[in-house]
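Top line first, the protein sequences correspond to chains A and B. Going by this note's numbering, the letters in the first sequence line up with residues 1 to 184, in that order. Going by this note's numbering, the letters in the second sequence line up with residues 185 to 634, in that order. Ideal Cβ positions, reconstructed from N, Cα and C, are used throughout, including at glycine.
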Amino acid sequence: MSVDISAEPLLDLIPYGEIDPLALSVLAANLQAVLGLPTRVRPDRPLPEDSFIPVRYQYDAVKIVGSLDRERDGARFRMGVIQRDLCIPILTYVYGESQLGGRAAVISLHRLHHIDRQVTFERGAKIAIHEAGHLLGLEHCREPGCLMRFSKQLEQLDLLPMRFCSACEYEIARLLKRAVQNRY
Amino acid sequence: MARSMHIMVVDDEETICLALSAWLTKEGYSVETAASGQEALARMAEKKSDLYLVDFKMPGMDGLQLLAEIRARQPDAALIMITAHGSIGSAVEAMKRGAIDYLCKPFDPEELSLIMERVEAARAIQQAEAPVADHYAGTSQLSWGGIVGQSEALRVVLNEIEEVAPTNASVLITGETGTGKDLLALAIHMRSEHAHGPFVAINCGAQSETLLESELFGHEQGAFTGALKARRGRLEMANGGTLFLDEIGEISPKMQVNLLRVLEEKKFCRLGGNQPIDIDFRLVSATHRDLRQLLREEQFREDFFYRINVLTIHIPPLRERLEDVPVLADFFLQKYAQETGKPVEGLTPRAVEILMGYNWPGNVRELRNVIERVVVIARGRMIGAEELRFLKTYDDSCRSAPATLREAEILHLQGALEACDWNVTRAAKMLDIDRVTLTRKMKRFNLKRP
Chain A
1 MSVDISAEPL
11 LDLIPYGEID
21 PLALSVLAAN
31 LQAVLGLPTR
41 VRPDRPLPED
51 SFIPVRYQYD
61 AVKIVGSLDR
71 ERDGARFRMG
81 VIQRDLCIPI
91 LTYVYGESQL
101 GGRAAVISLH
111 RLHHIDRQVT
121 FERGAKIAIH
131 EAGHLLGLEH
141 CREPGCLMRF
151 SKQLEQLDLL
161 PMRFCSACEY
171 EIARLLKRAV
181 QNRY
Chain B
185 MARSMHIMVV
195 DDEETICLAL
205 SAWLTKEGYS
215 VETAASGQEA
225 LARMAEKKSD
235 LYLVDFKMPG
245 MDGLQLLAEI
255 RARQPDAALI
265 MITAHGSIGS
275 AVEAMKRGAI
285 DYLCKPFDPE
295 ELSLIMERVE
305 AARAIQQAEA
315 PVADHYAGTS
325 QLSWGGIVGQ
335 SEALRVVLNE
345 IEEVAPTNAS
355 VLITGETGTG
365 KDLLALAIHM
375 RSEHAHGPFV
385 AINCGAQSET
395 LLESELFGHE
405 QGAFTGALKA
415 RRGRLEMANG
425 GTLFLDEIGE
435 ISPKMQVNLL
445 RVLEEKKFCR
455 LGGNQPIDID
465 FRLVSATHRD
475 LRQLLREEQF
485 REDFFYRINV
495 LTIHIPPLRE
505 RLEDVPVLAD
515 FFLQKYAQET
525 GKPVEGLTPR
535 AVEILMGYNW
545 PGNVRELRNV
555 IERVVVIARG
565 RMIGAEELRF
575 LKTYDDSCRS
585 APATLREAEI
595 LHLQGALEAC
605 DWNVTRAAKM
615 LDIDRVTLTR
625 KMKRFNLKRP
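In structure tokens form, the structure reads like this:
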């Protein structure tokens, strides 16, 4: 996918708390290169207080996504990045959460950790691209080698190549064009 | 990618409804939500769902009461009960009353995904059966999970499955290649008490011994070069369900010993591991080979043979139950006409005669491929003798009594290629081998289009 990095950003990557700057750079670079989504990294900020669930010692992804969605300023899409464990009320954990065809998403690097930093970053990039695909309006795909396929385990995530199947790629190009037209 | 299943989530907690609905929508399902049992029934009157995800504890009508109401209105509906942690008793009660599964909230995304896969697989079988069941309603023909026919031989096989399925005994299915042993194995699973567990199949003849060992037993990280991570094997995956070992006659004596130990002890260790893992599954095996002959030749262990062969079901070749041919042909014709969108309605009496006169060395699989081909090339509403001309030539060439195996193979390949106008891809499909294998054989036997 061709990328014009000088273009106005379509996605803001928002670190919650202290996140390895290199991880953020890798995420932004992959979102731009693989998805064709002009991305900028915003300054870090604290997590919304009400997103912490003390009994589960996890953060509620739905609340973080909700608070990002309510923000008026910024790019068309915004994606939070956290180092803590994320969940939604019905699921024990999630790697990421997003609004289908919406504005906001959040991903967590917590469960993606690997002894080799490069593997952790690659996993994070795959999750970020997957969630950004949902923001564009893409559902899960059944093709084994497509980034929009739901990965049940990290093992499956690691096996995914850093690309979409041809059907999803076509759909992304179409949706991206529409997103550029409705930038704000 | 949109999926055809419609799902209703019933929960009085809005956050649960929203979260589940969002997750399922991303999976491509169409989803609606209801905040109570009463609302669910009102919505159901307008539009029925294929699957209901129902919270056990709701004010007013609880999950069990709603389950009874849904089953009364829609007996074939699938329902999964959502319960709180620590209320396994209520989940078991729901299962007894007809729920297909349960989830304790909050649940693992992997668990939800696996359950949805199971529901879809069960639904696919139900759908494969339904049109044929409707088509043959009121006739003496048999239709069962994709197994179709009208012969006495098939009736005997289906009766055997009915008897064997509810037991927990190991079953050995024997029959020639292409007779549908895998479908029988799945039918046994779907009618057994393991039906809600996984059905895990593996073809033992399609891989090397080391790969098969790793596939079955899984491995720990670093167990061998390339084992970068620990991996679950098929034995572990089949826990709580059915393990189907296809082409069991191909496994080595060493692997027979290993498997025998697993079957007897109901535990095993992953390759490179020393932690025993408990397993409980129902074993169904299949082979096209004569295992008793292999026993005599000492290629198959007697103790393993008797362990996998508690009950045997033999599926006769198609040539011994030719009365199934018209029904099967009609079944495949409907299927492929629907898939290709072609307005093909049936076979002429002469076409049926030709099909009945053929020897079917490739059994049901060959018949299926033939029908797929004629549907693709069909121009009218009825398939006639003209469209099946290739079959006659092919059969004649096969029956010309070759002297050696090499000659037989050449004639068979030549027949298939001629039947497919020397289209290698189509011929390979008809022969049920891959294209590369056929190309290699053509080169070896110097087979060229005349």
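Segment contact: the stretch 590-605 of chain B against the stretch 343-355 of chain B, fewer than three CB-CB distances shorter than 8 Å; contact not assigned. Close to residue 304/B, with beta-carbon spacing below 7 Å, lies no residue of chain A; the smallest spacing is near 10 Å. With its beta carbon less than 8 Å from one in chain A, residue 294/B belongs to the interface. Using a Cβ-Cβ cut-off of 8 Å, residue 291/B is close to 90, 91 and 92 of chain A, given in chain order. By the neighbour-count criterion, in which 16 or more other beta carbons inside 10 Å mark a residue as buried, residue 58/A falls on the buried side. Interface residue (Cβ-Cβ distance to chain B less than 8 Å): residue 153/A is classified as such.
Taking every protein chain shown into account, the CB of residue 620/B has fewer than 16 other CB atoms within 10 angstroms, so this residue is exposed. Just so you know, the alpha carbons of residue 11/A and residue 213/B end up roughly 27 Å apart. Note on residue 290/B: 16 or more other CB atoms within 10 angstroms of its CB, so buried under the neighbour-count rule.
Between residue 37/A and residue 176/A, the CB-CB gap stays under 8 Å. Rounded to whole angstroms, the gap between the alpha carbons of residue 261/B and residue 518/B is 25 Å. Around the beta-carbon of residue 419/B, 16 or more other beta-carbon atoms lie within 10 Å, marking it buried. Among the CB atoms of chain A, none fall inside 8 Å of the CB of residue 368/B.
The beta carbon of residue 571/B lies closer than 8 Å to those of 535, 558, 561 and 562 in the same chain, with the five residues before and after it left out. For residue 25/A, the number of other beta carbons within 10 angstroms of its own is below 16, and it is reported as exposed. Closer than 8 Å at the C-beta level to chain A, one finds these residues of the stretch 190-217 of chain B: 197, 199, 200, 202, 203, 204, 206, 207, 209, 210, 211 and 212. Annotation note: the stretch 185-271 of chain B contains the following uninterrupted alpha helix (DSSP H) runs of length 4 or greater, listed N- to C-terminal: 198-210, 221-230 and 247-257. Residue contact check for residue 100/A against chain B: a CB pair falls below 8 Å. The C-alpha of residue 603/B is placed about 10 Å away from the C-alpha of residue 554/B.
Of the other Cβ atoms in all chains shown, fewer than 16 fall within 10 Å of the Cβ of residue 173/A; this residue is therefore exposed. Its chain contains 95, 96 and 107 as the residues whose beta carbon lies nearer than 6 Å to that of residue 127/A, once the 5 sequence neighbours on both sides are disregarded; these appear in chain order. Inter-residue distance for residue 196/B and residue 149/A is about 31 Å (C-alpha atoms, whole angstroms).
Legend: CB atoms of the stretch 35-62 of chain A lying less than 7 Å from CB atoms of chain B belong to residues 62.
Residue state for residue 465/B is assigned as coil, using DSSP reduced to three classes. Your pair residue 444/B and residue 487/B checks out as a contact, with CB atoms roughly 6 Å apart and the cut at 8 Å.
Taking the beta carbon of residue 121/A as reference, no residue of chain B falls within 7 Å; the closest one sits roughly 17 Å away. With contact defined as three or more Cβ pairs closer than 8 Å, the stretch 498-515 of chain B and the stretch 478-486 of chain B are not in contact.
Comparing C-alpha distances from residue 397/B to each of 522/B, 296/B, 207/B and 439/B shows the shortest one belongs to 439/B. Contact check for residue 516/B against residue 552/B passes: the beta carbons are separated by less than 8 Å. Taking a Cβ-Cβ cut-off of 8 Å, the neighbours of residue 297/B in chain A comprise 150 and 152, given in sequence order.
Closest in alpha carbon position to residue 448/B, among 414/B, 524/B and 353/B, is 353/B. By the 16-neighbour rule on beta-carbons within 10 angstroms, residue 408/B is exposed. In the structure shown, the three-state DSSP call for residue 100/A is coil. Taking C-beta atoms as the reference points, residue 237/B and residue 281/B fail to come closer than 8 Å. Taking residue 533/B as reference, the option from 513/B, 526/B and 546/B with the minimal CA-CA separation is 513/B.
Under the three-state reduction of DSSP output, residue 83/A falls in the coil class, being neither helix nor strand.
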